[in-house]
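Working notes, beginning with the structure itself.
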Amino acid sequence: MARDSIVILTGAGISAESGVPTFRAADGLWEGHRVEDVATPQAFARNPDLVQGFYDARRAALAAVVPNAAHHALARLEREWDGGFLLVTQNVDDLHDRAGSRALVHMHGELLKAWCTGCDARHAWQGDLRCMPRCPTCGAANLRPDIVWFGEMPYAMDTIETALHQCSLFISIGTSGAVYPAAGFVEIARWAGARTVELNLDPSATSSRFHESRLGRATDLVPAFVDELLA
Ligand code: APR
1 MARDSIVILT
11 GAGISAESGV
21 PTFRAADGLW
31 EGHRVEDVAT
41 PQAFARNPDL
51 VQGFYDARRA
61 ALAAVVPNAA
71 HHALARLERE
81 WDGGFLLVTQ
91 NVDDLHDRAG
101 SRALVHMHGE
111 LLKAWCTGCD
121 ARHAWQGDLR
131 CMPRCPTCGA
141 ANLRPDIVWF
151 GEMPYAMDTI
161 ETALHQCSLF
171 ISIGTSGAVY
181 PAAGFVEIAR
191 WAGARTVELN
201 LDPSATSSRF
211 HESRLGRATD
221 LVPAFVDELL
231 A
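UniProt numbering applies: residue 1 is where the sequence shown begins, and numbers increase by one.
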């Protein structure tokens, strides 16, 4: 018999133990950079070199990190769960992909893709964009990181909202609940009648909205919770 539908939201905390910096910690990315300088369309128009350089460095750093036990546990859950399943990540790293997750939506884009604003093509991309390489499709030098910046619309919102309205379990992992629309997913899931569980190192801005909040490291909490679900 098919089991219930699960939607999982992940944030930077799930990749922290792999060595990818989070955003809002004391040593986080937004402590060293102003959002307005590197993560808005206006910043890119003003200083494309600075913005491309910020994302080039983050893209290059991915080569040195690997998925951790939490990423692997979610890939196992997807493989072994016989109900509906959608993993929504705010992360732009590829650690869920490398762990084997396939029912996966990168709502804030992907570091390893470049988007041509001239012809709208998207390309897998490993190298730097600061050198303004030409788009393999149209030949123009209009490539930018395929990242959803502040003020832009997250990807796949229709798919995500449909899954949230149908889910019976919503799990939020490693996100501070500071950025919408992701921070509001718990409300949609509750409205749909789902059980809601948060797994996070610290209480988040939305902790009180969850039925249950477990505090700890993702590499401890996520494999243990997946074991419970599959038991
Ligand atoms: N295990 C579990 N949770 C952790 C761990 C860990 N090892 N380390 C940190 N955390 C938690 C922190 O307690 C924090 O609540 O992860 C959360 C990370 O929060 P943020 O840095 O705000 O990252 P995130 O919530 O993913 O940010 C959302 O903001 O800047 C934008 O687009 C960016 O996608 C990002 C969005």
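In this text, a Cβ means the ideal position worked out from N, Cα and C, and glycines have one as well.
**Message:** the ligand APR and N200: does the residue's C-beta get closer than 7 Å to at least one heavy atom of that ligand?
**Reply:** True, at least one ligand heavy atom lies under 7 Å from that Cβ.
**Request:** List the DSSP bridge partners of W115.
**Result:** Partner(s): R122, R144.
**Request:** From the DSSP output, in three-state form, read off residue 242 for me.
**Result:** Any property of residue 242 remains undetermined from this structure, which presents the chain solely from 1 to 231.
**A70 to W30 span [Cα, whole Å]** = Cα atoms of A70 and W30: separation of roughly 24 Å, rounded to the nearest angstrom.
**Asked** Do F44 and the ligand APR come close, with the Cβ less than 7 Å from some heavy atom?
**Response** Because no heavy atom of the ligand APR lies under 7 Å away, the Cβ of F44 does not count as near it: no.
**Request:** With hydrogens ignored, establish whether the beta-carbon of G118 is closer than 7 Å to any heavy atom of the ligand APR.
**Result:** No, the Cβ of G118 stays beyond 7 Å of every heavy atom of the ligand APR.
**Item:** For R24, three-class secondary structure by DSSP
**Value:** Here R24 sits in coil by DSSP.
**Request:** Would you check if there are 3 or more beta carbon pairs closer than 8 Å linking the stretch 171-184 to the stretch 28-45?
**Result:** When Cβ pairs closer than 8 Å are counted between the two stretches, the stretch 171-184 is seen not to touch the stretch 28-45, the count staying below three.
**Request:** Take the Cβ of D49 as the centre, count every other Cβ of all protein chains shown within 10 Å, and call the residue buried at 16 or more, exposed below.
**Result:** Residue burial annotation: D49 is exposed, with fewer than 16 other C-beta atoms found within 10 angstroms of its C-beta.
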